[in-house]
Amino acid sequence: MSPTTPKRPPGLLATTLVLLRKDLLIEWRTRARLNALVFFAMATLLLFSFALGPDTKLLERNAGGYLWLAILFASVLSLGESFRVETENACLDGVRLAPADARAIFLSKALGNALLLLALAVVLVPVMVALYGVRIVTGVGDLAGILVLGSLALSAPGTVYAAISSNARARDVLLPLLLFPLVIPALLSAAKGTTLVLQGDPMQQLGSWQGLLLGFNLIYWGVGFVLFPRVIED
175 MSPTTPKRPP
185 GLLATTLVLL
195 RKDLLIEWRT
205 RARLNALVFF
215 AMATLLLFSF
225 ALGPDTKLLE
235 RNAGGYLWLA
245 ILFASVLSLG
255 ESFRVETENA
265 CLDGVRLAPA
275 DARAIFLSKA
285 LGNALLLLAL
295 AVVLVPVMVA
305 LYGVRIVTGV
315 GDLAGILVLG
325 SLALSAPGTV
335 YAAISSNARA
345 RDVLLPLLLF
355 PLVIPALLSA
365 AKGTTLVLQG
375 DPMQQLGSWQ
385 GLLLGFNLIY
395 WGVGFVLFPR
405 VIED
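Residue numbers for the sequence shown follow this note's numbering, beginning at 175 and rising by one.
Structure (C-alpha cells):
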C-alpha cells in the first residue's frame, strides 16, 4: 500500500474566507455589536445637532465631518470587541494551531470590521440627511466610494491596534490613544470627500481626496498584512 499523502493546509485565501465567515456568523447570530454601534452613532449625530442648536447652515456645512466623527467613535467599540472572542480562553492560540496563517487572521478581522463599519455608515446616512437637512448632490456612487474607502481606512490600522491592545489591562483607553492620531489623514479625507458629495464639487476636488484615501489604504493594509504575524506573537 502506498503511504497516505498528508493533506496540505488551506491557502491564504481559503483560510481568510473561513475565518471571515466564522466572524460574520457570530455577529449575525447575536447582532449585539451592530445594534450597539448603530444606537451609539445615532446618539452622537443627535448630540451634534443639539450642541449647535438652531444653526441649520452650520449643520449642513459640517455634516460630513459629523458623520465621520460618529463612525470613528463607534469604531472604537467595534474594533475593541473584534478580538474579544479570540482572547477568551486562548482561542487565538487555537486558531493559530489549526493551523491558520496569521496574515489570514488579519485579513479576516480587518475585512469583517470594514463590513461592519460600512453597514453602520449606510444606516447613518439617512439619519444624517433627516437631522441636518442635507442632500446628495454629486450622486450616490460618489458617496458609496467614500464610505467604502473610509471604512477600509479605519479598519486596517484599527485591527492591528486592537490586536496589540487586546491583552492590555487598560485596552479600552489604549486603543483610541493609538488609533486616533494615526487615522487623522483618512478621517480628514473622508470628511472632506463627503462634504463635497453633499454640497457639490465645482472644482473637481473629489478625485484627489479619494486618491488620498486609496493611498492611505494601500499603505496601512500592506503594513498590517506584513507586520501582523509579529503583533500576535507571544
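Cβ atoms here follow ideal geometry from the backbone N, Cα and C, with glycine treated the same way.
Can you check which of these residues, the options, is closest to residue i by C-alpha distance?
{"i": "S358", "options": "Q373, L328 and A248", "result": "Residue 358 is actually Ile in this sequence, not Ser. Ranking Q373, L328 and A248 by Cα distance to I358 puts L328 first."}
{"i": "V212", "options": "R309, F247 and N391", "result": "F247"}
{"i": "A210", "options": "A278, A344, R404 and A293", "result": "A293"}
{"i": "V192", "options": "F280, A237 and F402", "result": "F280"}
Please state whether DSSP places residue i in a helix, a strand or coil.
{"i": "R343", "result": "coil"}
{"i": "F402", "result": "helix"}
{"i": "F257", "result": "coil"}
{"i": "P355", "result": "helix"}
{"i": "D228", "result": "A small fix is needed here, since residue 228 is Pro in this sequence, not Asp. Residue state, collapsed to three classes: coil."}
{"i": "T368", "result": "helix"}
{"i": "I200", "result": "helix"}
{"i": "T333", "result": "helix"}
Do you know how far the Cα of residue j is from the Cα of residue i?
{"i": "S382", "j": "G185", "result": "36 Å"}
{"i": "L198", "j": "V400", "result": "24 Å"}
{"i": "L362", "j": "Y240", "result": "11 Å"}
{"i": "Y335", "j": "E260", "result": "15 Å"}
{"i": "V397", "j": "L352", "result": "16 Å"}
{"i": "Q384", "j": "T218", "result": "25 Å"}
Leaving aside the five residues before and after residue i along the sequence, list all residues of the same chain whose C-beta is less than 7 Å from its C-beta, in chain order.
{"i": "L291", "result": "I245, S249, S252, S325, L328 and S329"}
{"i": "N194", "result": "The displayed chain sequence assigns Leu, not Asn, to residue 194. Excluding residues within five positions, the ones whose Cβ falls inside 7 Å are S282, L285 and G286."}
Between residue i and residue j, which are expected to be in contact by the criterion C-beta below 8 Å, what is the C-beta distance as a whole number of angstroms?
{"i": "L305", "j": "T368", "result": "Rounded, the Cβ-Cβ distance is 15 Å, inconsistent with contact."}
{"i": "W242", "j": "A337", "result": "Not confirmed; about 23 Å, so no contact."}
{"i": "V301", "j": "Q373", "result": "About 18 Å separates the two Cβ atoms, so there is no contact after all."}
{"i": "A360", "j": "F402", "result": "The Cβ separation is near 19 Å, so there is no contact."}
For residue i, collect the residues of the same chain with a Cβ closer than 8 Å to its Cβ; drop the 5 residues on either side in sequence, then sort them by chain order.
{"i": "L207", "result": "A quick correction: the sequence has Arg, not Leu, at residue 207. Correct list, in chain order: E201, L251, S252, E255 and L290."}
{"i": "L232", "result": "L226"}
Could you name the residues of the same chain whose beta carbon sits closer than 6 Å to that of residue i, not counting the 5 residues immediately before and after it, in chain order?
{"i": "S176", "result": "Confidence at S176 is low in this model, with a pLDDT of 47, below 50, so the placement of that residue should be treated as unreliable; the coordinate-derived value is given next. Excluding residues within five positions, none has a Cβ falling inside 6 Å."}
Using a beta-carbon distance below 8 Å, is residue i in contact with chain B?
{"i": "Q384", "result": "Of the protein chains in this structure there is only one, and it is not chain B."}
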